[in-house]
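Here's the structure we're looking at; comments come further down.
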Amino acid sequence: MSRRDRKRIDFSSLEASTNGPASTMQYRISALLRGHTDDVRALTSAPDGTLYSASRDGTVKSWRRTAKEPNGQEGRWELQRTWEGLHTGVYQLRLLCTGGQDSLIQVVSLTAPDAPPRTLLGHGHNVCCLHASADGKRLASGSWDCTARIWDVESGECLQVLTDHTAAVWDVLCIDVKGYEGTVVTACADGLIRSFRDGQRKQLFKGHEGPVRALAKITPEVTDGLMFASASNDGTIRIWHLDGTELNVLDGHDSFIYSLVSIPSSSNGGLASSGEDGIIRIWNEEDGGLDQEVLVPPLSVWALTTLADGDLACGCSDNCIWVFTRDDVRRGADEGTRVAYESGLKERERMQKLKAGMDGGKNEMPKVGKVEELEDAGTKQGEVKLVETETDGVHAFMWDGSTWEDVGQVVSEPLSSPASKPTERMQHEGVEYDYVFSIDTKDDEPPLKLPYNIGGKLVLQSPKR
1 MSRRDRKRID FSSLEASTNG PASTMQYRIS ALLRGHTDDV RALTSAPDGT
51 LYSASRDGTV KSWRRTAKEP NGQEGRWELQ RTWEGLHTGV YQLRLLCTGG
101 QDSLIQVVSL TAPDAPPRTL LGHGHNVCCL HASADGKRLA SGSWDCTARI
151 WDVESGECLQ VLTDHTAAVW DVLCIDVKGY EGTVVTACAD GLIRSFRDGQ
201 RKQLFKGHEG PVRALAKITP EVTDGLMFAS ASNDGTIRIW HLDGTELNVL
251 DGHDSFIYSL VSIPSSSNGG LASSGEDGII RIWNEEDGGL DQEVLVPPLS
301 VWALTTLADG DLACGCSDNC IWVFTRDDVR RGADEGTRVA YESGLKERER
351 MQKLKAGMDG GKNEMPKVGK VEELEDAGTK QGEVKLVETE TDGVHAFMWD
401 GSTWEDVGQV VSEPLSSPAS KPTERMQHEG VEYDYVFSID TKDDEPPLKL
451 PYNIGGKLVL QSPKR
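Take the sequence shown: its position 446, counting from 1, is numbered 446 in the UniProt record's numbering, and each next residue is one higher.
Below, the structure written as structure tokens:
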């Protein structure tokens, strides 16, 4: 099925859609964790139930559920601790390892959290991914410097530098199964996946048609598991055998995929994926079929992790962590969480209509009209017009079926003549565009971001809350 033929998710339903059989094993909203002041870019969990989150705000935070209530109801999530100056995190045994834009890897002892972290030096650019071996003795890291490195966690020594990459290394995976002991798999922005052993490349995995962003073991609790999954900007997930054989292609995303995580078999198993469309997709472990689409209010779902109790947490562009559960007991989200979730999905629906109206199904720049054009009725609900007002510049107006609703001011105006291409491309979320427009919707919220490439399609990003 091509992407243009896929169904559009209806956010007005306010529930996660289900493609598989309805059952008690469907994910539903459970909790909302607030505390970060910028995008939550990485998550990891510990066997004791602690959740660790890393954010663009330069902090790592730990979260725990309180004890159960006397009536047996689950406790609430609470923020336990904040570490400053840390960005990307991975938990292993009693250590928390973090990396960031300063090219450093910091190792924090969780048994002595006030002690200064140890620093691992070697990378020459942003450290964007970390993964530890099952025994906690080795740490793999990937960087924008086009290398992956293998570290001895105890001594801090760099054991190997993996240099076969031609672009940034966006994810790494330590493999410890029989016959592949000490293997490290890397995902690269050049669209290739590589496996290394003893510092030498062993396999080259070809199939993706865009940068590879994420890796995950299939059924990681199986000690002899020989399969892993990869996700790419091409919108596909591919299942591989470690010998290089491509086993399956999962096609369901309409945009970049940022994160993958395996769901333990004890929690009904499967694979979860998320990306730039505000949807977590749940794939079953039997045949890779799409079981569920879990709707998330923010557009960018950067990170996923499973918790010790089987719940699924995601880190997002709204600075929040949303927790979903398959457990009937924990489905009772408190009223504040439920209201935030439902109102967030309603806002997503509004943004979806706005995007559809601005795109109009055509690959061209939206034109700026005159205010007199608002005297004419719209042709369909959700249609959008950019109009030059008499006193306040260009505004975006959306037809609600009876009147033109003023969505907000276009802070960075599109050119009246879209044929004049800008001399310098602009960056948004690490990606270059010909234009990035801003639409100011509310005084107390950041503007909506509207990236656009000439000849491409408009993508409207919802504001951070």
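Quick reminder that beta carbons are idealized off the backbone N, C-alpha and C, glycines included.
If you're wondering where the values come from, they're calculated on a predicted model, not measured in any experiment.
Item, Value
"Reduced DSSP category for Gly-336 - H, G, I as helix; E, B as strand; rest coil", "helix"
"Cβ-Cβ distance between Leu-79 and Thr-337 below 7 Å", "no"
"Residues that DSSP places opposite Ser-273 in a beta bridge", "Leu-260, Arg-281"
"Other residues of its chain near Lys-137: CB distance less than 8 Å, five sequence neighbours each side excluded", "Asp-152, Val-153, Glu-154"
"Sequence-distant residues of the same chain with beta carbon closer than 6 Å to Gly-207, five excluded per side", "Arg-238, Glu-246"
"CB of Leu-104 within 7 Å of CB of Thr-119, strictly", "yes"
"Separation of Val-108 from Ser-265, as counted between CA atoms", "31 Å"
"Every unbroken beta strand (DSSP E) inside the UniProt repeat \"WD\" (120 to 161) [3 residues or more]", "127 to 132, 138 to 143, 148 to 152"
"DSSP three-state assignment for Ser-266, whether helix, strand or coil", "helix"
"Of the residues Val-394, Glu-347, Gly-378, the one placed nearest Lys-370, counting alpha carbons only", "Val-394"
"Spatial distance of Glu-286 from Phe-228 (CA atoms)", "15 Å"
"Val-296 and Gly-278 closer than 7 Å at C-beta", "yes"
"Secondary structure of Val-371, DSSP reduced to three states", "helix"
"Ser-267 to Asp-309 span [Cα, whole Å]", "8 Å"
"Host beta strand (DSSP E) of Cys-188 (start-end)", "183 to 188"
"Cut-off 7 Å between Cβ atoms - residues of its own chain near Thr-166, not counting five sequence neighbours on either side", "Cys-146, Asp-190"
"When Glu-405, Asp-406, Ala-377, Thr-306 are compared against Ser-45, the one with the closest alpha-carbon", "Thr-306"
"Cβ shell of Ser-343 (< 7 Å), same chain only, five flanking positions each side left out", "none"
"Burial state of Asn-319, where buried means 16 or more other Cβ atoms lie within 10 Å", "buried"
"The beta strand (DSSP E) enclosing Gln-101, as first and last residue numbers", "Premise fails: Gln-101 is in no beta strand (DSSP E) and is neither H nor E."
"Euclidean distance between Cα positions of Ala-140 and Gln-26", "34 Å"
"Cβ neighbours of Arg-41 in the same chain (closer than 8 Å, five flanking residues each side left out)", "Ala-54, Ser-55, Arg-56, His-87, Thr-88, Trp-302, Ala-303, Gly-315"
"Residue from Val-329, Ile-321, Asp-328 whose Cα sits closest to the Cα of Ala-340", "Ile-321"
"Below-7 Å beta-carbon distance, Thr-163 vs any chain D residue", "Protein chains in the displayed structure number just one, and chain D is not present."
"Whether Ala-148 touches Val-169 by CB criterion (7 Å)", "yes"
"Outcome for Leu-299 when other beta-carbon atoms lying within 10 angstroms are tallied against a minimum of 16", "buried"
"Neighbour-count burial assignment, Phe-157, 16 or more Cβ in a 10 Å radius", "For the record, residue 157 in the displayed sequence is Glu; it is not Phe. Its Cβ having fewer than 16 others within 10 Å, Glu-157 is exposed."
"Burial state of Glu-383, where buried means 16 or more other Cβ atoms lie within 10 Å", "buried"
"Of the listed residues Val-60, Gly-122, Glu-373, nearest to Pro-113 (C-alpha basis)", "Val-60"
"Span separating the alpha-carbon of residue 491 from that of Ile-29", "Look at the range of the chain in this structure, 1 to 465, and you will see that residue 491 is not part of it."
"Which of helix, strand or coil DSSP assigns to Leu-295", "strand"
"Simplified DSSP state of Ser-45, which is helix, strand or coil", "strand"
"Strand pairing of Cys-320, partner residues [DSSP]", "None, per the DSSP bridge assignment."
"Delimiting residues of the beta strand (DSSP E) encompassing Ser-195", "193 to 197"
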